[in-house]
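Below: the structure, in C-alpha cells.
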Amino acid sequence: MYKKSRALKVAVLTCLEIMLLMTGKAHAENNKEAGTKWLSDEDFLGKMPVILSASRLSQPAAEAPAATTVIDRDMISASGARELADLFRLVPGFQVGYASGHWQTVTYHGLADTYAKRLQVLVDGRSVYTPAFGGVQWSDLPLALDDIERIEVVRGPNMASYGANAFQGVINIITRHASQDAGTRIKAIAGSKGVAEGFLRHGGTNGNLDYRFTVGHREDNGFDNRNDSKRVSLATLRADYRPNTNDTVMFQFGLNTGPRGMGEPPTQANPTPTNNEHTRTVNSRYEQLRWQRSMNAGQEISIQFFHNYHKASESWLTPPLKVIGGAQLPMNEDVTAERYDLELQHNLSPFENWRFVWGASTRVDQVTSPTFLGMTQTLNHRLHRLFGSSEWRITPAWLLNMGAMLEKNDITGSDIAPRVAMNYLINEHHSLRASVSKALRTPVIYENRADYKVTFGPLLNHLYLGNNALTPETIVSRELGYIGNFPAAHLSLDIKIFQDEIKGLISAGQTSYAADNVDGKTRQFLNGDNATIRGAETQIKYAPHKSTQVILSYAYTDINSSNYWIRYSTTAPTNSLSLLAMQNLPGNLRGSLGYYQTDKVYYIGMVTAESAGAMKRLDLRLARPFRGGEIAVVAQNVLDGYQEYRYQNIFDSRWYATLTLDLQ
Amino acid sequence: MSRFVINYVFGKTHFLLCFVLLITSTAIANAATTITIIANPQDDAHTELIEGMKDALARYPDNGFNLNVVPLASLDNNTVRDRDFLDTSLIVTVGTTAAQQAGQLNIPAATKTPLLHALIPKINFDNITQRRRTEANPARDLSAIYLDQPLPRQLDLLSLALPQYKRLGVVLGPASQTLLPSMENAAENEGLRIYSRTARNGGSLIATLNDVLAESDMILAIPDPLIFNRYTVQNLLLTTYRQKIPVIGFSHAYVRAGALMAVYSTPTQIGQQVAEALRLAATKNWKLPAPQYPRYYTITINHQVARSLGLHLPDENALQLRLQQADNPSL
Chain A
1 MYKKSRALKV AVLTCLEIML LMTGKAHAEN NKEAGTKWLS DEDFLGKMPV
51 ILSASRLSQP AAEAPAATTV IDRDMISASG ARELADLFRL VPGFQVGYAS
101 GHWQTVTYHG LADTYAKRLQ VLVDGRSVYT PAFGGVQWSD LPLALDDIER
151 IEVVRGPNMA SYGANAFQGV INIITRHASQ DAGTRIKAIA GSKGVAEGFL
201 RHGGTNGNLD YRFTVGHRED NGFDNRNDSK RVSLATLRAD YRPNTNDTVM
251 FQFGLNTGPR GMGEPPTQAN PTPTNNEHTR TVNSRYEQLR WQRSMNAGQE
301 ISIQFFHNYH KASESWLTPP LKVIGGAQLP MNEDVTAERY DLELQHNLSP
351 FENWRFVWGA STRVDQVTSP TFLGMTQTLN HRLHRLFGSS EWRITPAWLL
401 NMGAMLEKND ITGSDIAPRV AMNYLINEHH SLRASVSKAL RTPVIYENRA
451 DYKVTFGPLL NHLYLGNNAL TPETIVSREL GYIGNFPAAH LSLDIKIFQD
501 EIKGLISAGQ TSYAADNVDG KTRQFLNGDN ATIRGAETQI KYAPHKSTQV
551 ILSYAYTDIN SSNYWIRYST TAPTNSLSLL AMQNLPGNLR GSLGYYQTDK
601 VYYIGMVTAE SAGAMKRLDL RLARPFRGGE IAVVAQNVLD GYQEYRYQNI
651 FDSRWYATLT LDLQ
Chain B
665 MSRFVINYVF GKTHFLLCFV LLITSTAIAN AATTITIIAN PQDDAHTELI
715 EGMKDALARY PDNGFNLNVV PLASLDNNTV RDRDFLDTSL IVTVGTTAAQ
765 QAGQLNIPAA TKTPLLHALI PKINFDNITQ RRRTEANPAR DLSAIYLDQP
815 LPRQLDLLSL ALPQYKRLGV VLGPASQTLL PSMENAAENE GLRIYSRTAR
865 NGGSLIATLN DVLAESDMIL AIPDPLIFNR YTVQNLLLTT YRQKIPVIGF
915 SHAYVRAGAL MAVYSTPTQI GQQVAEALRL AATKNWKLPA PQYPRYYTIT
965 INHQVARSLG LHLPDENALQ LRLQQADNPS L
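Residue numbers (the numbering used here), protein chains in the order written: chain A, 1 to 664; chain B, 665 to 995.
This is the structure we're talking about:
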C-alpha cells in the first residue's frame, strides 16, 4: 500500500513540476507575439506541418472495407457514461456486461465470459488487451474519458489494418492531441452508490511542444450487496513535439492504481465460498513513444514503441474449510502481464487512385503468475507480423480494398489472414459494399500454459490445465453493406447483413485427472465448438440541426453453434437496440437521452439460473454550459432495475452530478 | 532547375562574388534601364520571384531592363552605397521587411525613385502607406502587388467548389475585423451568409471558433497575426476536422497541413505581374499602376481531406478555368 501511493505521489509531483516549468515559459512566448498589427509574409509563404496526416484522416464510411461506427465527443458526453465500457452500448451488435462493478466485458456478437477475447482494442495505436487471459480490463486503463477525441469501432475482422486479435472487431480509441486542451480543467463528479470523482487536467504549449497531463481519482461502491467497489488513482501525460515541419514525436505515459473489491459473500447454498470477499490491488501503467514523418496527407512513415505493465495482486484466506479439517486455505491469484511492442508503418499514395499501407511489428508478451501458470518463472510469448493493405479506386464508382497479414508466433507458428472488400458508390449519397475476410485468434498464454492447482500439502484440486496443441480459432466473415444519405430528410443510414463462420473455439473442456483430491477432474483448454453467426445491423442518424441529433442502433444476431462444450448459441441477445437523442433546450440547456434494450443473454460460465435477463434502461442527462465550464446532472436507468451479466448484479436507478471548470 | 541556379549563385560563400558580378553587369549594360530589386537572396520565395520576373521579361524581344539586386542584409548593416541605386528608374522591394526598410533608406539616389512593393500582404502595405504619409517624402510614387487574394475571388471559388454550402464561418482578430463590412458585401453578391466572430486574444480562439462552427458549413481562414498563423493552425484544423467542417486556407502550406483547398499566388506568378507592371510603368514615365491584387493564381485541393470529408470537388484545372471566367467574364 505504501509503495503504491508513493509511486503515485512521485508521478503527480513530476507532472506538476513539468507543468510549472512549461507554463512559465509559455507565458513568455505569448507576450512576445502579442499586439502586432503586421502579418508575416511567412504566414503565406512559409512551411506548415501536416496536421491532418494519413493516419489521422478517417476513411469515409461509404469507402471503408467494413462497417464502422464512430463515437464522437458529443456522443460521449450526451450518453452520460461514466465508464468507458458503457459507450459501446451505442454500437450495433455490441454488448456490455458488468461481471462486477469494476469488471466490464465488452463483446461483439457474444461468445464472451469475463474476458471478451475476440476484439482488438487500441488506444492511440497501442494494443491493450491483456496477454494473460485476453480481453480488456476497462476499469484498469490509464485513460480519462475527457481525454478521448473519438472512438472508431470496426464491426468485423480486420487484422490487415489492426493486427492480432482483430477477430470479430476493432475498438480504436483516439485521444485528443495535446494542443487541443490548452488551459486547466477541474472536474468533480458526485452521486449515489458512493460515486466520487475528481480530475485535474492541464495542457499547454511551449514553442514546438504541446503537452497535457491529467491526474484523477475515481471511486464507487459497485453493486449493492456485492464486494465490488473500486478506488482508482490515475495519471496520464501526453506530449506532442514537433522538431520541424515534417516530423512529430509523441510521448505518452499513464498510470492506474488502486484497490478493487472481489469475491462472493457466504450464501445459504455455499456458506464457505473459497472465493470469499477480498481485495485485488491493481497497478497498471504504460509508456508509448511514436515518431512520425508526414510528407503530405497521403504519405507518412511512423515508428512506434510501447510498453504495457499490469499487475494484479490478489491473495486471501478462505473461510475454514471442512475438506482440510477446518483450516483456512491461503489463496493467491497474483498476475503480472507486460507487453513490449515495436511497429513500423508506412502509408503511401503513389497514384491519385491508389493508396497503400504496409508495416511490420514485433512483440513480446510476458506473464508471471505462480498460481495460474503453476510456475514462478515468467512466460514469454513472441509475435511478429507483416501487414499490407491497399485501396484501389478502379473507377470513380468502384473501390477495391485488399489486405493481408502474415503472423508468426511462439504458440501456433505462422498464419495468414487476408481480406478483400469491394465498394460500389452508386452516387454521392448511396453506396454498396461486399467483403470477405479471414482472421485468426492465437490462444492466449493462459489457454496455452494454464496449470492452476490448489494445494494444501497434497494436491487438493487441479482446476485448469493449458494445452500446447491448440490451433488458432478462425473466422471467415462475409458481409454486405449499404450506406445511404438522405440530405433532404437529414438522415443517414448504414445497414449490414453478415455471416461469420467461426471454427475451433477455444474453451476449458473437461478431462478426468487422477491425482485430484476433490473431484478427480481438471478442465483443460481445447479447440471445441464451431459457431455460425448470422445477423443484420443498422445505424440511423437523424440530424435536422446541430442542436438536435438522434442516433439509433439495432442489431439482430443469431448464433448457431455445435454447443458441445459451451452453449455459445445463447451468448448474444437476439435483438438489441440503442437510441441516443440530443436536444438543445431553451435557457442554454443541453438535454440528452439514452435508451437501451436487449434480449436475454447468457455469459459463458454462468449457469442458466444465474444469467442476466432482458434489459431496458433509460439514461437522462441535463447540462448547462456557462462561460468557463459546465454543470450536468445524469440519471442512469430511471426505469426498473435489471440484471447486469448475472442475477446478483442489479442495476437500479442511480444519479450523479458533474461540475466542470475550464480555467484559461 | 532555375531555382537551383539561383540558390547556388546566392549561396553564402558566393555572396561577394555575386555582388561584384551584379555591379559589373550593371556597368556593362549601361544603355538599358536599371531596376533595383531589394530582396533577401537567402529566401527561396524571393529568389523565385526574381526568377519569375526574369522569365517574364525574357519573353519580350525588346527586353531593355537591367535587374540589379541589392541584398536586404546590406540595408540592415548599412553597407549599402549610393552607387547601388545610381541610374535606378524603379525600386522593387520583395517582402515586407524590404518594403519597411526601403522607405527609410537615407540615400540621395534612392529617395525619389518610385517604389513598387511586391510580395507584401495588403494590410502591411496599408500600414506602410499610413506611416509614410507623415514622413519626409509624401510625393514619392508608391505602389504594390499584394501577396493575398481579393476576397471576391476566394468567395467565387467557394461557390464554384462547394455550391451546396451557403453558411460561411469567419473568425476575425483585432487586425482583420475591419475587413468585415467588405466581406459581408462580397458574400451577399455570392448568395453566401457570413457568420463571424472576433477573437480578442489567442486564448479565446478555440471558444470563438466553436461558436462560429455551430452556425457554419465551412470556414474561410483570414490571415490575421492572432488567428491564423503557424502556431494556431494545428488546433484550428483539428477542431474543424472533428466537426467535419472544411477549412479554406490561403496558402499552399495551409492545404498541405489539412485545409480543404486554397487559392494563392506563387512567387513566380507575382514575379510575372511585377514584370508586367514595370513594363507598363516604363511607358508612362515611371508612373506606377495602382496597388493591385495578384492577377495570376493557383488553386490547390487536398484530395485526401476532401475524400475523408466525403466531398466531391471538381478538379483544380476545371475550377481554375471557371474561376478565371468568373473573375474576368470577357474570357
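Cβ coordinates follow ideal geometry from the N, Cα and C atoms, glycine included. Predicted, not measured: the structure shown is a model, and the values here were computed from it.
Check, Outcome
"Going along chain A in order, which residues have a C-beta closer than 8 angstroms to the C-beta of residue 791 of chain B?", "37, 38"
"Classify residue 344 of chain A: buried if its beta carbon has 16 or more other beta carbons within 10 angstroms, exposed otherwise.", "exposed"
"Pick from B:817, B:795, B:882, B:735: whose alpha carbon is nearest that of residue 768 of chain B?", "B:795"
"By a C-beta neighbour count over all protein chains shown, 10 Å radius and 16 as the cutoff for buried, is residue 472 of chain A buried or exposed?", "buried"
"Output the residue ranges of the beta strand (DSSP E) runs that lie fully inside the region 726 to 800 of chain B and measure 3 residues or longer, sorted by chain position.", "729 to 735, 752 to 758, 779 to 784"
"Under the DSSP definition of a beta bridge, which residues are partnered with residue 328 of chain A?", "A:320"
"Out of curiosity, what's the CA-to-CA distance linking residue 869 of chain B and residue 863 of chain B?", "6 angstroms"
"On the three-state DSSP scale, how would you describe residue 222 of chain A?", "coil"
"Under a three-way DSSP split, which group does residue 277 of chain A fall into?", "coil"
"Using 10 angstroms around the beta-carbon of residue 741 of chain A, count the other beta-carbons present and answer buried if the total reaches 16, otherwise exposed.", "Nothing about residue 741 of chain A can be read from this structure; chain A reaches only from 1 to 664."
"For residue 544 of chain A, I'd like the list of residues in its chain whose CB is within less than 6 angstroms of its CB, leaving aside the five on either flank, ordered along the chain.", "490"
"At what residue ranges does the region 363 to 390 of chain A contain a whole run of the alpha helix (DSSP H), taking only runs of 4 or more?", "370 to 373"
"In chain order, which continuous runs of the beta strand (DSSP E) of length 3 or greater are located wholly inside the region 105 to 172 of chain A?", "119 to 123, 148 to 155"
"Of the residues that make up the region 639 to 664 of chain A, which ones have a beta carbon closer than 7 angstroms to any beta carbon in chain B?", "664"
"Consult DSSP for residue 866 of chain B and reduce its assignment to one of helix, strand or coil.", "helix"
"Would you report the Cα separation of residue 45 of chain A and residue 709 of chain B, rounded to the nearest angstrom?", "7 angstroms"
"Closest Cβ-Cβ distance between residue 58 of chain A and chain B: below 8 angstroms?", "yes"
"If you follow the beta strand (DSSP E) that residue 232 of chain A is in, where does it begin and where does it stop?", "230 to 241"
"What does the alpha-carbon distance come out to for the pair residue 712 of chain B and residue 120 of chain A?", "51 angstroms"
"For residue 533 of chain A, which residues in the same chain have their Cβ closer than 6 angstroms to its Cβ, ignoring the five residues on either side in sequence?", "109, 500, 559"
"Quick check on residue 861 of chain B: does DSSP put it in helix, strand or coil?", "strand"
"Buried or exposed for residue 691 of chain B, going by 16 or more other Cβ atoms inside 10 Å?", "Because residue 691 of chain B sits at a pLDDT of 40, beneath the cut-off of 50, its placement in the model cannot be relied upon, and the point is left open."
"Using 10 angstroms around the beta-carbon of residue 179 of chain A, count the other beta-carbons present and answer buried if the total reaches 16, otherwise exposed.", "buried"
"Can you tell me whether DSSP reads residue 847 of chain B as helix, strand or coil?", "helix"
"Taking a contact to mean a Cβ-Cβ separation below 8 angstroms, would you say residue 583 of chain A touches residue 594 of chain A in this structure?", "no"
"To which residues does DSSP link residue 340 of chain A through a beta bridge?", "A:307, A:364"
"In terms of alpha-carbon separation, which member of A:515, A:540, A:563, A:541 lies closest to residue 528 of chain A?", "A:563"
"Please report the straight-line C-alpha distance between residue 392 of chain A and residue 759 of chain B, rounded to a whole angstrom.", "44 angstroms"
"From which residue to which residue does the alpha helix (DSSP H) around residue 625 of chain A run?", "Careful: residue 625 of chain A lies outside any alpha helix (DSSP H), inside the beta strand (DSSP E) at 615 to 626."
"Give the residues of chain A in contact with residue 781 of chain B, contact being defined as C-beta atoms less than 8 angstroms apart.", "The contacting residues do not exist; residue 781 of chain B stays about 11 angstroms from chain A at best."
"Could you tell me the alpha carbon to alpha carbon distance between residue 812 of chain B and residue 552 of chain A, rounded to whole angstroms?", "46 angstroms"
"Between B:969, B:886, B:986, which lies nearest to residue 52 of chain A when the distance is taken from Cα to Cα?", "B:969"
"Are the CB atoms of residue 975 of chain B and residue 910 of chain B within a distance shorter than 8 angstroms?", "yes"
"Is the beta carbon of residue 93 of chain A less than 8 angstroms from the beta carbon of residue 557 of chain A?", "yes"
"Closer than 6 angstroms by C-beta to residue 341 of chain A: which residues in its own chain qualify, once you throw out the five before and the five after it? Chain order, please.", "306, 363"
"Starting from residue 876 of chain B, follow its DSSP beta bridges and name the residues at the other end.", "Bridge partners of residue 876 of chain B: none, in fact."
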